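Trainee: Structure incoming, see below.
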Amino acid sequence: MRTLAHCRLQVAILAGTTALLFVSRAFPQEPTKPGLLPFAPAGMADPERAFEQFFSSSTPANQQTLDALEIPIQEERDYGAALVDAYMAEIKRQKMRVIRKGTDVDYLVKLVATIRPMMANAERYPKITVCMIDSAEIEARSFPGGTLFFSKGLLSLAPSEAALVGVVGHELSHLDRGHQLLPLRRTRLLQGASFDPQSLMSGIRLFSRPFRPEDEVVADKDGATWAYRAGYDSREFARLLARMHERSQ
């Protein structure tokens, strides 16, 4: 939802490079004709242009292809663990503390337990780890495999439990719908392709866009819907989103 600014860039770039490493390790490349990309439009001779056109667009055909790619749960967990490690290292570098136990963490765990059964893929995530960042900045972030981070600043800004449970639902929606797995899916489509350095940098730029705008809209909708089903006033979540938007201006 909102991330500590510097952490977002660092972890997003790592998400792309880590995805490349994970998938290339699991699926050794076979020799292919230089400069060709899988699923590239016919007659597209420029690999970087093809890369940009396919992966930065959100056409129904492209999205359907990406969504159809299954990511094994263990691969997701390993990928998520690498991202969490990098994220926590950056938090530590900024001299902030990660809190794993305590009243606030227990409270957030309770809210997660309230919303988790509504996830379509709840069985895929039998255990969800919740951590708190001792920071006044507004932060809420989920990682592949089932790790969630929230900041003290978010808890202070939220006017009510109803608002906060909407944020929890938003982050669980990203997890449930596999939004964070997009870099892995994109990388799988690149297996068998041959890139020059410029094409690789093009890929990393695209990987640094972890969530598409439509992903955020869907996560907001899920957060509000799940809060309502759990008996909360979902308008509180909408008010919190408005406050967060005002603070970001």
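Quick note: the sequence shown uses UniProt numbering, first residue 1, plus one each step. Note that beta-carbon positions come from the ideal geometry of N, C-alpha and C, so glycine has one too. Computed from a prediction, not measured in an experiment: that's the story for all the values here.
(1) Taking all protein chains shown into account, decide if Gly231 is buried (16 or more other Cβ within 10 angstroms of its Cβ) or exposed.
(2) Smallest Cα separation from Arg77: which of Gln63, Tyr125, Leu241?
(3) DSSP three-state label for Pro47, please.
(4) Please state if the CB of Gly166 and the CB of Ser234 are separated by a distance shorter than 9 Å.
(5) Return the bridge partner residues of Thr147 from the DSSP annotation.
(6) Would DSSP call Ile138 helix, strand or coil?
(7) Pull up the distance between the alpha-carbon of Phe150 and that of Leu111, whole angstroms please.
(8) Give the range of the alpha helix (DSSP H) segment to which Arg116 is assigned.
(9) Considering just the uninterrupted stretch of the alpha helix (DSSP H) at Ala120, what are its terminal residues?
(10) Between which two residues does the alpha helix (DSSP H) holding His245 run?
(11) For Val98, write down the residues that DSSP places opposite it in a beta bridge.
Mentor: Reading it off the structure:
(1) Indexing the sequence shown from 1 puts residue 231 at position 231. Under a 10 Å Cβ-count criterion, Gly231 is classified as exposed, with fewer than 16 other Cβ atoms of the shown protein chains found around its own Cβ.
(2) Counting from one through the sequence shown, the residue named residue 77 turns up at place 77. Considering only alpha carbons, the answer is Tyr125.
(3) Position 47 of the sequence shown holds residue 47. Note that Pro47 has pLDDT 46, beneath the 50 cutoff, so the model's placement of it is unreliable and the number below is only indicative. It is helical.
(4) As a first step, residue 234 must be located in the sequence shown, where it is residue number 234. As a first step, residue 166 must be located in the sequence shown, where it is residue number 166. In contact: Ser234 and Gly166 (Cβ atoms closer than 9 Å).
(5) Residue numbering aside, residue 147 sits at position 147 when the sequence shown is read from its first letter. Looking at the DSSP assignment, Thr147 forms a beta bridge with Thr129, Phe143.
(6) Indexing the sequence shown from 1 puts residue 138 at position 138. If DSSP states are grouped into helix, strand and coil, Ile138 belongs with coil.
(7) Taking the first residue of the sequence shown as position 1, residue 150 is located at position 150. Taking the first residue of the sequence shown as position 1, residue 111 is located at position 111. Taking the straight line joining both Cα atoms gives about 12 Å.
(8) Within the sequence shown, residue 116 is the residue found at index 116, counting from 1. Looking at the DSSP string, Arg116 is not in any alpha helix (DSSP H), and its letter there is neither H nor E.
(9) Taking the first residue of the sequence shown as position 1, residue 120 is located at position 120. Where Ala120 is concerned, there is no enclosing alpha helix (DSSP H), given that its DSSP letter is neither H nor E.
(10) On the sequence shown, position 245 is the one that residue 245 refers to. 235–248 is the span of the alpha helix (DSSP H), which, as asked, contains His245.
(11) As a first step, residue 98 is located in the sequence shown; it is residue number 98 there, counting from the start. BP columns for Val98 point to Ile133.
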